[in-house]
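Contents: one structure, followed by commentary.
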Amino acid sequence: MRHARRRIVRRVARLAAVGGLLLGGTMVTRAVASEPPDASAAPHTFAQTPSGAGAGLVSRLGTDRTAGHWVGSDGRPVVAVTDERAAEAVRRAGATAKRVRHSMSELRSAASTLRSAPRVTGTAWALDYRSNEVVVRGDRTVSGSDWSRLTGVAEDIGGFVRMERTEGTFTTRLNGAEPILSTAGRCSAGFNVTDGTSDFILTAGHCGPTGSVWFGDGTGDRQVGRTVAGSFPGDDFSLVRYENGKAGDGAGVVAVGDGKGVRITGAGEPAVGQRVFRSGSTSGLRDGRVTALDATVNYPEGTVTGLIETDVCAEPGDSGGPMFSEGVALGVTSGGSGDCAKGGTTFFQPLPEAMESLGVRLIVSGREGAAAGTSAPAGQAPGARAPGTSGAGAPAPATGVDGSTLLARLTDRRNIGPGLLVVAGSLVALVATRWIREEQDRKAYRRRYSATWG
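Sequential numbering from 0 applies to the sequence shown in numbering that gives the first Met the number 0.
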């Protein structure tokens, strides 16, 4: 009776092992035959997902029923709306709705009225979507009479224009990423771009006029390139053509200090409330959040409009340096007030607008291994040369996978890992049952042989 039970158990174990082999083989075959997940796709970031969702809702509902959008503390897009029907549409789309009094049309009209008023150097204003106001700031250089005159303009507009005095001075940050120098002063290289024939550095326009010659070190021995196009004031961007026409290896990496860099995987537009990073040759890597969009700044050199306002600090020499978030390029440093000891306000020229005006596109890191925000060795060339890292389209060095990541990949049903695990387990079970049977047969033979011999 005992031997019969053992035979039944062995047969069931063998059948289970054979079934496991067939099941595992089927899983592997289906995983190979199906389309694998796109591992090279750029990860979603606030610069793409919440901002894009909010912008889409604002575009669909119109500027008379909305008043901007931003990223909430939970990472979800928030849209300011002026009526309940618009709020319901926002909630149906999966976003958060906030009822406000003034529409985007009213906010823009107020900003237009401020622009048409007599220019006052040292002032700036931006649309604060979260407070549903136009915030006007004046630095310490603004006289009492000029401030009173501008306050009168604000009062005539209405109660949704907020006046604030700020410490420091609104200046361009001439003097990030890597330093570039000319007779005009020191700036920071922004992002590497190309027109398909030649490569360029996209930096701030106030750094130097067309024809400015730039060098990559303090001795002036290594000429980087020459400014060939730009716009300032009005906008604040310029294009520096590389001396040999090529940016070189690692052109899709921006330096962040200490020999490290960040891979740039694409360009985008920021959202209010989004966390961003800025790199500059004076103050290095700094972070903060976007506080407003469509800002206007009255620098001593002229007025610049359409800027991104942030609470990231910056100092002289950081001009032109890159601003990004999770590997997505957003803008280049224009100017601001304060410093990195006390903090301040910094404005950025949006990158997509600058590239469209200049007719260039961003040079990005190689897609393979180019996860947004991944650290990589930074290089010596302005803006992004990185020895040992890839240029556009080339493979990037592997950084390794930890145990939890490996386990997640093996158990992902879209991969061949689960099927291989089933096959391996079935093989082990089959070998084990075979070995157990042989051991039992040997023991039985010994017992029988001993009995016969005795």
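Glycine is no exception: its CB is placed at the ideal position from the N, C-alpha and C atoms.
What does a CB cutoff of less than 8 Å around residue i pick up in its chain, not counting 5 residues either side in sequence?
| i | result |
| --- | --- |
| Glu300 | Thr171, His205, Phe231, Pro232 |
| Arg90 | Ala96 |
| Val359 | Val192, Thr193, Asp194, Phe199, Leu201, Leu238 |
| Ser356 | Ser230, Asp234, Phe236 |
If the criterion is Cβ atoms closer than 8 Å, does the pair residue i and residue j meet it?
| i | j | result |
| --- | --- | --- |
| Gln348 | Phe236 | yes |
| Phe458 | Arg225 | The displayed coordinates of the chain run from 0 to 453. Any statement about residue 458 would go beyond what the structure contains. |
| Gly319 | Ala188 | yes |
| Thr209 | Gly229 | yes |
| Ala246 | Asp198 | yes |
| Val141 | Thr122 | yes |
| Arg274 | Thr332 | no |
| Val239 | Val252 | no |
| Leu464 | Ala270 | Look at the range of the chain in this structure, 0 to 453, and you will see that residue 464 is not part of it. |
| Gly305 | Glu268 | no |
| Asp155 | Ser102 | no |
| Gly258 | Gly71 | no |
| Val289 | Thr309 | yes |
| Ala86 | Arg98 | yes |
Residue i to residue j, Cα distance in whole Å?
| i | j | result |
| --- | --- | --- |
| His68 | Ala423 | 52 Å |
| Val57 | Arg84 | 13 Å |
| Leu420 | Gly74 | 37 Å |
| Thr120 | Ser280 | 27 Å |
| Val80 | Val212 | 49 Å |
| Ala96 | Glu132 | 17 Å |
| Phe501 | Gly167 | Lying outside 0 to 453, the shown extent of the chain, residue 501 is not represented and no answer is given. |
| Val363 | Pro76 | 27 Å |
| Leu14 | Ala431 | 13 Å |
| Arg161 | Ile179 | 38 Å |
| Ala340 | Gly287 | 14 Å |
| Arg107 | Gly61 | 13 Å |
| Ala41 | Leu329 | The predicted position of Ala41 is uncertain, since its pLDDT is 34 and thus under 50; a value taken from the coordinates is nonetheless stated next. Computed Cα separation, rounded: 15 Å. |
| Gln47 | Thr182 | Residue placement at Gln47 cannot be trusted, given a pLDDT of 39 that sits under 50; the coordinates are not used to answer. |
| Phe323 | Ser130 | 25 Å |
| Ala203 | Met354 | 12 Å |
| Val227 | Ile307 | 25 Å |
| Gly143 | Asp293 | 26 Å |
| Glu325 | Asn243 | 31 Å |
| Arg433 | Ala92 | 59 Å |
| Cys186 | Val78 | 37 Å |
Pop quiz: residue i and residue j are said to be a contact at Cβ under 8 Å. What is the actual Cβ separation, rounded to whole angstroms?
| i | j | result |
| --- | --- | --- |
| Ala94 | Ala52 | 6 Å |
| Thr295 | Trp124 | 5 Å |
| Asp234 | Val303 | 7 Å |
| Phe169 | Gly55 | In fact, because the Cβ distance is near 33 Å, the residues do not count as touching under 8 Å. |
Closest to residue i by C-alpha separation, out of the options, would be which residue?
| i | options | result |
| --- | --- | --- |
| Tyr298 | Ile200, Thr345, Gly267 | Thr345 |
| Thr150 | Glu166, Leu426, Ala109, Thr182 | Ala109 |
| Leu361 | Ile263, Thr122, Arg98, Ser102 | Ile263 |
| Asp338 | Pro351, Phe323, Gly316, Ala328 | Gly316 |
| Pro117 | Arg148, Phe169, Ala88 | Arg148 |
| Gly342 | Glu314, Thr182, Gly207 | Glu314 |
| Gly157 | Arg136, Glu105, Gly244 | Glu105 |
| Arg100 | Asp82, Arg114, Gly335 | Asp82 |
| Arg114 | Val78, Arg139, Arg129, Ala153 | Ala153 |
| Tyr241 | Ile7, Thr196, Ala203 | Thr196 |
| Phe163 | Val427, Phe323, Arg139, Ala88 | A small correction: the amino acid at residue 163 is Glu; Phe does not occupy that position in the sequence shown. Cα-wise, what sits closest to Glu163 is Arg139. |
| Arg136 | Trp434, Thr165, Glu355, Ala86 | Thr165 |
| Gly256 | Pro321, Arg59, Gly244 | Pro321 |
Please work out which residues of its chain come closer than 6 Å, Cβ to Cβ, to residue i, disregarding the five sequence neighbours upstream and downstream, and give them in chain order.
| i | result |
| --- | --- |
| Cys127 | Inspection of the sequence shows that residue 127 is occupied by Asp rather than by Cys. Same-chain partners within the cutoff: Val134, Ala291. |
| Arg285 | Arg277, Val311, Cys312 |
| Ile7 | none |
| Ala370 | In this prediction, Ala370 scores a pLDDT of 37, lower than 50, which makes its location untrustworthy; the coordinate-derived value is nonetheless stated afterwards. Cβ within range, chain order: n/a, list empty. |
Taking only beta-carbon atoms, is residue i less than 8 Å away from chain D?
| i | result |
| --- | --- |
| Asp194 | The structure shown contains no chain D, having only a single protein chain. |
Which residues in the same chain as residue i place their Cβ atom closer than 7 Å to its Cβ, once the five residues preceding and following it in sequence are excluded?
| i | result |
| --- | --- |
| Arg59 | none |
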